[in-house]
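Comments concern the structure below.
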Amino acid sequence: MWPYLAPIGLLAVSNVFMTFAWYGHLKFKAAPLAVVVLVSWGIAFFEYWLAVPANRLGHQVYSAAQLKTIQEVLTLTVFVGFSVLYLREAIGWQVILGFTLIAAGAALVFFAPGARTDEVPLPEPIGLIDAIDAPAPDRAASAAAQDATGTEGRG
């Protein structure tokens, strides 16, 4: 059960940090922008120490799409609480309805047939450098011939 719950808990806490990083400064409108950016960046640094392990742990049992969906639903949930409790802003029915529709869309990621991407065998991903360094098909035959003769093609 731990691999399923730990990522959700870590992502929930990371979302609290990130919401403060992105929106906490709205209560300090007189603060210089440079200070606000640096403080927000500092808060986000700690958020990453929660989000990155959450995603690494979570990817053992969730697909990347499911992890992103969990993160988005948590973001909206944390934002509603933050907006009401910290910023003292009311949340109207339109916002609640909109967030509910987003959550309904998120449910498709988890409950639709074939939602788990790990059920579909995929080819082994290659890195960008591997793709760039791979010889073109016509050059591959030339390289093999050069290896067989021990010569380097210089022409």
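Per my numbering, the very first residue in the sequence shown carries number 13; after that it's consecutive.
Where is the CB? At the ideal position from N, CA and C, for every residue including glycine.
Neighbourhood of residue i by C-beta, 6 Å cutoff - its chain only, sequence neighbours within 5 removed
i, result
"VAL28", "VAL90"
"ALA76", "none"
"ALA66", "PRO19, LEU22 and LEU23"
"ALA118", "THR81 and VAL85"
"ALA56", "ALA33"
Close beta carbons around residue i, own chain, < 7 Å, minus the five adjacent residues each side
i, result
"PHE58", "PHE29"
Residue i, buried or exposed, once every other Cβ within 10 Å from all chains shown has been counted against 16
i, result
"ILE103", "exposed"
"ALA116", "exposed"
"TYR16", "exposed"
"ILE108", "exposed"
"VAL121", "buried"
"GLN78", "buried"
"GLN106", "exposed"
Residues near residue i by beta carbon distance below 8 Å, same chain, minus five either side
i, result
"THR31", "THR87, VAL90, PHE91 and PHE94"
"VAL48", "HIS37 and PHE40"
"GLU101", "SER95"
"LEU62", "LEU22, LEU23, VAL25, SER26 and PHE29"
Checklist entry - Quick one: complete alpha helix (DSSP H) runs, 4+ long, within the stretch 35-108? => result 45-70 and 76-97
Next on the checklist: Does the contact criterion of 3 or more C-beta pairs under 8 Å hold for the stretch 63-80 versus the stretch 13-26?
Outcome noted: yes
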